[in-house]
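Going by full-length UniProt numbering, the sequence shown opens with residue 1, and the numbers climb by one from there.
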Amino acid sequence: MEFRLIKSSQGKPSKALLSALLALSPGLNTLVASYPSLGPKDTLDIVNKVIAPDGFERSAVLVKGLHPAPLIKAVKGDSFCMTVNNDLTDDTMQRGTSIHWHGIFQRGTPWADGATGVSQCPIAQNRSFKYEFDVLDQAGTFWYHSHYGTQYCDGLRGPLVIYDPKDPYLNMYDGKAGRSRAVPLRTDAFALLLVVDDDSTVITLGDWYHVPSPSIGRIAMSDATLINGKGRYVHGPLVDLAVLQVEQGRRYRFRLISISCDPNFIFSIDGHKMTIIEVDGEYTRPLTVESIQIFAGQRYSFVLHADQKVDNYWVRALPNSGQHGLSRGFVNGTNSAILRYLRAPIGDPVSSPDVLATSKLPLGDKDSDSDCRNETAILRSRNMLRERDLQPLVNPSAPGKPYPGGADVHIHLNLSANENGFLVNGRNFSAPPVPVLLQVLSGAHAAQDLLPKGDVYTLPPNKVVEVSIPGGVIGGPHPFHLHGHSFSVIKSAEDLEPNYINPVRRDVVSIGDEGSNVTIRFETDNPGPWIFHCHIDFHLNAGLAVVFAEETAETQRRIHPPPSWDDLCPVFDSQPPSHTSVRLVPNPEASTSSMPAHSSRPVSSHSSLEHGMAHNPPAATSAAQHSGHSESAPADDYLLAMLWSIYPSDGTLSYTSTMSDEKQELSTTTPAPPPEAPPAYDSIALPQSNGAVGQDTWRSSFTHQAISLSSGPSPPLPPPSFRPPTRPATPKGHTRSLSSSSTTSLKTKKSWFFSSSSTTTSSSSSSTPSSTPSSRTANEVRSTVTGLIRNLVVGPQEQNGLGGSLSPAALGILQSCAEACTTHSISLSGILQEKFIESHSPLYWAIVKRPAHSESANATPNLLDREEVAEPEGSEESDLLGALLSHAKPLNADTITELRLGCLATSDQRTFQRLRLLIPQFSSSVSGADQILLGAALPADDITVEIGTGYEGAYAVNMKVPQFHRRMMISKEIRLEFIARNRLWLFTFMITPDGAWYGPPPGSWCVSISLQEPSPPTWFDARLVLPNFSSDPEEARKPQNTLRLKSKQMMEASRNGVPATQVVVALDESPVFGSLQYSGSPYVPADEKLGVRLEVKLRKPIPGSDECIVS
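#1: Looking at C-alpha atoms only, which residue of ILE490, LYS49, ALA139 is the closest neighbour of LEU390?
#2: Count the other CB atoms, across all protein chains shown, that sit within 10 Å of the CB of SER1079; report buried if there are 16 or more and exposed otherwise.
#3: Just to confirm the assignment, what range does the beta strand (DSSP E) spanning THR1042 have?
#4: What does the Cβ neighbour count give for LEU1043, buried or exposed, with the cut at 16 atoms within 10 Å?
#5: Grab me the residues of SER829's own chain with a C-beta within less than 7 angstroms of its C-beta, minus the 5 sequence neighbours each way, in chain order.
#6: Within 8 angstroms, do at least three Cβ pairs link the region 300-311 to the region 247-263?
#7: Give me the residue from GLN448, ASP513, PRO345, ILE269 with the minimum Cα distance to PHE330.
#8: Which whole-angstrom value describes the C-beta separation of LEU1045 and VAL1092, a residue pair presumed to lie in contact below a C-beta threshold of 8 angstroms?
#9: Pop quiz: SER1010 and GLN1062 are said to be a contact at Cβ under 8 angstroms. What is the actual Cβ separation, rounded to whole angstroms?
#10: How should VAL350 be labelled, buried or exposed, when 16 other C-beta atoms within 10 angstroms of its C-beta is the threshold for buried?
#11: According to the Cβ coordinates, are ALA296 and ASP567 closer than 9 angstroms?
#12: Alpha carbons only, please: which of ALA980, ILE919, ASN171, ALA954 is nearest the one belonging to ILE943?
#13: Between ARG343 and ASP54, which are expected to be in contact by the criterion C-beta below 8 angstroms, what is the C-beta distance as a whole number of angstroms?
#14: I need the boundaries of the beta strand (DSSP E) containing VAL61, first residue and last residue.
#15: Run through the DSSP bridge pairs and tell me what THR911 is partnered with.
#16: Can you tell me whether DSSP reads GLY400 as helix, strand or coil?
#17: Nearest CA to the CA of ARG218: which residue from SER301, ASP507, ALA542?
#18: From VAL456 to GLU282, what does the alpha carbon distance come to, in whole angstroms?
#19: Rounded to whole angstroms, how far is the Cβ of LEU976 from the Cβ of ASP941, which I believe are closer than 8 angstroms?
#20: Using the Cβ count rule (16 or more neighbours within 10 Å means buried), how would you classify ASP240?
#21: Using a 10 Å radius around the Cβ and a threshold of 16 neighbouring Cβ atoms, would you call THR150 buried or exposed?
#22: In the DSSP assignment, find the alpha helix (DSSP H) that holds VAL781 and state where it starts and stops.
#23: Measure the CB-CB distance between PHE422 and HIS235 and report whether it falls below 9 angstroms.
#24: Among the residues of its own chain, which have a CB less than 8 angstroms from the CB of PRO399, if the five just before and after it don't count?
#25: Answer with buried or exposed for LYS166, where buried requires no fewer than 16 other C-beta atoms within 10 angstroms of its C-beta.
#26: Check for me: the alpha helix (DSSP H) holding ALA306 runs from which residue to which?
#27: At the level of alpha carbons, what is the spacing between TYR403 and THR92?
#28: Indicate whether ASP78 and ARG107 have their beta-carbon atoms separated by less than 9 angstroms.
#29: Report the CB separation of ASP154 from VAL61 in whole angstroms; it is logged as a contact under 8 angstroms.
#30: Which of the three DSSP states is assigned to GLU551 in this structure?
#31: Tell me the DSSP secondary structure of VAL1096 in three-state form.
#32: For SER213 versus GLY322, is the C-beta distance shorter than 9 angstroms?
#33: In chain order, what residues of the same chain lie with their CB nearer than 6 angstroms to the CB of GLN575, ignoring the 5 residues before and after it?
#34: ALA1086: buried (16+ other C-beta within 10 angstroms of its C-beta) or exposed?
#35: Counting along the chain, where does the alpha helix (DSSP H) carrying LEU828 start and finish?
#36: Check LEU482 in the structure and name its three-state DSSP category.
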């Protein structure tokens, strides 16, 4: 048979042809495919069938009777039309169903998202429903699964891949053996896709249970790990394992998908490294690792180079929990698959050189525990992926402003657990009888009008939302998934500091364990209700979820589901109980655990089981380890058993809310609430329930989100990640804040630091430590001062006046701190330079939290927004930064580095230049010779930045350099630092020194540009513009002259002062610029103040283009 790739008239395959090829690809891949596959317009018949993927037979929920479920393949830009036929009959599992297309944004089609209780009612037994949606702007690795009860744990889950004909990483991987002849036109991008990125390079990791999911009980512990639908259980038969076939010397793109219901896995391939290029449908900068901890719902694409000898190699996926010590290792091929080289012998790998062998000891043997822990530790030490090292390939910065508080809406979610299940801000989520989307389309737009009450947060349109979620609740680490969006993870579980510059973008993130505070940001640009939930399916069904109702009014106006969607609820609700009840079966493992077993019981038709909320309390994993990956955790098992000890065994599955207040609509502004009204949700964070388990209950009396209410429940406070100094305890339920009235009354009170019984003289000159008795030690005073400084920096902004100026009250408090420190011989300068606020100093946060600068009223009209460098009115103490600096002299080197980092984090060019004026040591760009030449005018270089629009990172820099010739002849270089586009730049005029490793010959006059630490890498394309200042009218009429500067590779920041990438251009490349080295040049004004303009686009230079014009 001969295959030919027919091209369109433009020489490229048409979209219809690409889709047709995908539909044909199962036939092309018969010999090597691991997965059967479907196209974007196909039918999913949901049926029950008895299978034995690990050698143990049980009934399952399958697509078309296949296990593993078929791969669905599409091309970027395709339209999906998937008909789901519900042919389920087994009453030991849910017989309603739905399909969620995990990672697909569903723009304009939230009704097709598949989340029961949120976007639809379940598809009733013997009924069909057609999901129709487009994927215009998405490509990557996704998956599909039931979003009804715990049904996907019973088998209804499979991979979904949307191929990108313009995959930027096509050159990183090759074809497979013998495949190049199947599709001869390998130079075509899509033909290459068919060759290298197909059914056989998809890897799914799943947990498997020997009883139907509704009968699992209180603690879910998997019996086996399935890789591509195959696996072995402890003490089970040695059934065949999944095999991934490769040819020596070739490079492969594998797509790794966790379709897990509960455990996370540490994934690795013996003897091979993995270069990650995609995360959750988002391209990332290549990152090479040896192992990946992957949580439920997450996906990774990685390139593997088959560069080892021809042999068999273990593919490992170690879960963090499981029955009979499943999580302890790989004995007899558990938690394993095989990477097999072409022409290698058929069979299991004979050795595991990279991992400690434990096959001499049987699983479950207590004497093997230490060896198993060692094995897990060895797996961890194999260069495991750290989430914070992942960076997006395009548009890397997080939405919003690059500093804490830089989002429009802030939501803090406190997680806890009690006898009813999990709580989010004190609420246990249960799916409402009417889906949230149907409520919105029926006219309910306010949070208080939407069910379930207190669990729906309404979000305004086109705003940046920041969500923070502390870890530590029992059963963690919990992987949270947001429907309808991907998000920027500005603070991962292992991070101490946020990353606004290039955080990873994904749609599932682990919130870690106790001590972590994961923070994400996303933009509200997709109208609809989107559930945000733990992707451990048993935890979702125990209430670990909230709903973000985005742009409710716009949703009602724009979203129009088909009539078949309107029929889902009445059809499902009209079913007899015999069609919706679930018959529980005995669980042989339940009697061996430390908690009572469930009894078999029927479930009513409107129980939470049949509305997507089966009450399976959380599965236990260790909450003691930050990584969240360890062997089975008996202590957590016992705690969970005690926690759910009052869980009824008579089949009554009810969820009772324990709080009476209702969530309010979120908005971009926070008006002051009336005395009896609850506070708005974008200004506070809710507390844990009194029944919280495993949580830190400490509250800071100086927290910046403190709000006092005169009645009603005490307003909650999020647990801060830093500890305050020791101070008198604040009564429970009471908070303290620096209101205008309180700060005014306190600013003159020295009794804050001294005993109220002591007396002080009216003359400050006569006040000495000996003449002023104190009831506190110097340490106590230092502790109190530290708390006050913290509150000034991170607390309520009431102490700040207009334009960022500091109020007299706040200045009074700072002055009191200074006087107290002087009295007790404490260095206030030292305190202000200590890193005691989220690992940074108060000076750093004073920069980060400075208000945004407004445009100068007299700025020159320009298509660019100018960032004018102007000193604020008044003294240097007119704002918080200036006030703190006045008490922080002299600054040490670490503090100066912190100040520079603060300016870079906020891309604050104005503050950066202001600090150059205030602090001579701040900028390293002025040489000693320049200091002598410029004298009191140091630093006299005038630098302003204009920020452009568009997506190419456009900006322009206007530089005026006094005494240009003299400085060049004496100093040999003029260094000009500035900040633009969240990067710190160094522009230099220089004369090439002898022995230079770069650029033109020694003695040449040059210009150079480089990135300063710790700026992220970027491409660079620019032109240097030189105005004509000649007094000769004929000369002055000549056009401006330009000099091109462009990078040949991605620019990287300097390391230890040595530029990693530096663009150097000789002035002689342009006759006009070359004239600058001669006195009397018409391009240098009479006052010797050279003016130049650098116009930049942060893009890859366009071949053949000689201009870089910023407009």
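Cβ atoms here follow ideal geometry from the backbone N, Cα and C, with glycine treated the same way.
None of the values given here were measured: they were computed from a predicted structure.
Based on what the coordinates show:
#1: ILE490
#2: exposed
#3: 1041-1046
#4: buried
#5: HIS887, ALA888, LYS889
#6: yes
#7: ILE269
#8: With 8 angstroms as the limit, LEU1045 and VAL1092 do not qualify as a contact, their Cβ atoms being about 12 angstroms apart.
#9: 4 angstroms
#10: exposed
#11: no
#12: ALA980
#13: Actually they do not touch by this definition, with Cβ atoms about 29 angstroms apart.
#14: 58-63
#15: Its beta-bridge partners do not exist; DSSP assigns none.
#16: coil
#17: ALA542
#18: 28 angstroms
#19: 6 angstroms
#20: exposed
#21: buried
#22: 778-794
#23: no
#24: ALA407, VAL464, SER488, ARG521, PHE522, GLU523
#25: exposed
#26: No alpha helix (DSSP H) contains ALA306, which DSSP labels as neither H nor E.
#27: 51 angstroms
#28: no
#29: 4 angstroms
#30: coil
#31: strand
#32: no
#33: ALA124
#34: exposed
#35: 828-832
#36: strand
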